[in-house]
Each structure stands twice: as C-alpha cells, then as structure tokens.
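Trainee: Supplied in structure tokens, the structure appears directly below.
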Amino acid sequence: MPSFGVILDACVLIPAALRDTLLRTAAAALYRLHWSEDILAEVERNLVEHKMTSATGAKYVVGAMREAFPEADVDGYQCLIPAMANHEKDRHILAAAVVAGAQVIVTMNLKDFPDHALAPFGIEAQSPDEFLGNPFDLDPELMTEIVKEQAEDLANPPMSVDELLDGLAIQAPHFAELVRGFRHSC
Numbered sequence: 001m002p003s004f005g006v007i008l009d010a011c012v013l014i015p016a017a018l019r020d021t022l023l024r025t026a027a028a029a030l031y032r033l034h035w036s037e038d039i040l041a042e043v044e045r046n047l048v049e050h051k052m053t054s055a056t057g058a059k060y061v062v063g064a065m066r067e068a069f070p071e072a073d074v075d076g077y078q079c080l081i082p083a084m085a086n087h088e089k090d091r092h093i094l095a096a097a098v099v100a101g102a103q104v105i106v107t108m109n110l111k112d113f114p115d116h117a118l119a120p121f122g123i124e125a126q127s128p129d130e131f132l133g134n135p136f137d138l139d140p141e142l143m144t145e146i147v148k149e150q151a152e153d154l155a156n157p158p159m160s161v162d163e164l165l166d167g168l169a170i171q172a173p174h175f176a177e178l179v180r181g182f183r184h185s186c
C-alpha cells in the first residue's frame, strides 16, 4: 500500500471523468485514497441535485466506490471538526485528513483550505490538475495508459482518448495537456 495519503473532497468526485481518473490512479497504487462518510454523502446528494443521475444511480456510484476501495473510509474524525481552522463547511474534510494521516487534500475549493489551517498538520491542498500532474511526472507512461484504458472502458457514450482528455481539461487542463503531449511524442 502506498504511504502517500490523499483525501478527495466531494467536489472532485462529482464529475464522472475526473472521478474515474482519480480512482484509477489510486487503484494503480500511486497514492493511498481516503474519504469519509460525510464526503460520500455529499457526493451522493450533489449527483442528484445537479441532475447528473437519479437517487438510485447516485447510491450505485457511491456503493461501487465503497466496494472498490473499502480501506478508504476514515472514521473517528468528528471530534476534531470544531478544532479545524479552515472554512466551516469543509472542516470535516480537514479533520478526516488529519485522522487518516493524509498529506494532501484534493479539492477545487482551494480558498476553503488556507495554508494557516493546514500547515500545523503537514497537509497541503491541491487542485485536481496539480495533483494529477504529480503521478504523471513520476510515471507518464502509466498515467497515459490509465487515461487510455479509461477511454476504452467508456461505452455510453463511447469516447476516444482525445475526447476524454477534452472532458478532463475542464477541471485538469494542465494534466490533459501533459497526457496529450506524451501520447503524441511516442
């Protein structure tokens, strides 16, 4: 199991393509994945509220995530929530990261995780774009293969690698360009 712990904020688990890339990267043992019940409940709720799927579909997505990564769940963080100094609505995420021993919180809401709140715990907040660039730098061939396999697994609708990268570029433009550049250099 990788020693580099990462907690994924709900906002990065809602867009399907980004969620899939992040989870496939964890499955490839490039980081130790963490989330909490609060995070997964937020994912489920937002998938329905943003009309991305039905309540049944959202339960299925979250259930599949739990089944694929049973070791990711963090418990026992609730008592730390009041002591966290980041944005009030995201204190549960930082508390879970502390209990998990995570080094990074991946979020699109960087402003909600200021350095002064994270530094005492040795935790850093990164955008999904910055975060995905790190394993790419370590193993560009593997990360490119992960994206290629992700595209190959898409059936409804089917997507080429370039179409998938176009979608990923919405939240992770630099990462999408890194993969695109590596693919075309081979």
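Residues in the sequence shown are numbered consecutively from 1, following my numbering.
C-beta atoms are modelled at their ideal positions from N, C-alpha and C, and glycine is treated no differently.
Beta strand (DSSP E) containing G5: first to last residue?
Mentor: Start and end: 5 to 8.
Trainee: Could you check the C-alpha separation between P158 and A96 for me, to the nearest Å?
Mentor: Rounded to the nearest angstrom, the two C-alpha atoms are 36 Å apart.
Trainee: Would you identify the three-state DSSP class for Q171, choosing helix, strand or coil?
Mentor: Note: Q171 maps to coil in three-state DSSP.
Trainee: Inspect the beta-carbon positions of D20 and I93 and report whether they are closer than 7 Å.
Mentor: Not a contact, by the Cβ cut-off of 7 Å.
Trainee: Say whether the region 58 to 67 touches the region 78 to 90, bearing in mind that this needs 3 or more beta-carbon pairs closer than 8 Å, one atom from each stretch.
Mentor: Touching, no.
Trainee: Are the CB atoms of T25 and P135 nearer to each other than 7 Å?
Mentor: The answer is yes: Cβ separation under 7 Å.
Trainee: Could you give the distance in angstroms between the alpha-carbon of P2 and the alpha-carbon of L30?
Mentor: Distance between the alpha carbons of P2 and L30 is about 7 Å.
Trainee: Report the option in N156, A151, A155 whose CA atom is closest to the CA atom of D166.
Mentor: Ranking the options by Cα distance to D166, first place goes to A151.
Trainee: Report buried or exposed for A102, applying the criterion of at least 16 other Cβ atoms within 10 angstroms of its Cβ.
Mentor: A102 is buried by the Cβ-count criterion.
Trainee: Confirm, please, whether the CB-CB distance from H34 to I14 is below 7 Å.
Mentor: It is not a contact, given that the beta carbons lie outside the stated cut-off.
Trainee: Below 7 Å CB to CB, which residues in the same chain sit around A17 once its five sequence neighbours on both sides are set aside?
Mentor: Excluding residues within five positions, the ones whose Cβ falls inside 7 Å are L164, G167, L168.
Trainee: Rounding to the nearest angstrom, what Cα-Cα distance links V104 and S54 in this structure?
Mentor: Each residue's Cα considered, the two are about 31 Å apart.
Trainee: Judging by CA-CA distance, which residue of R45, A72, R183 is the nearest neighbour of Y60?
Mentor: For the residues R45, A72, R183, the minimum Cα distance to Y60 belongs to R45.
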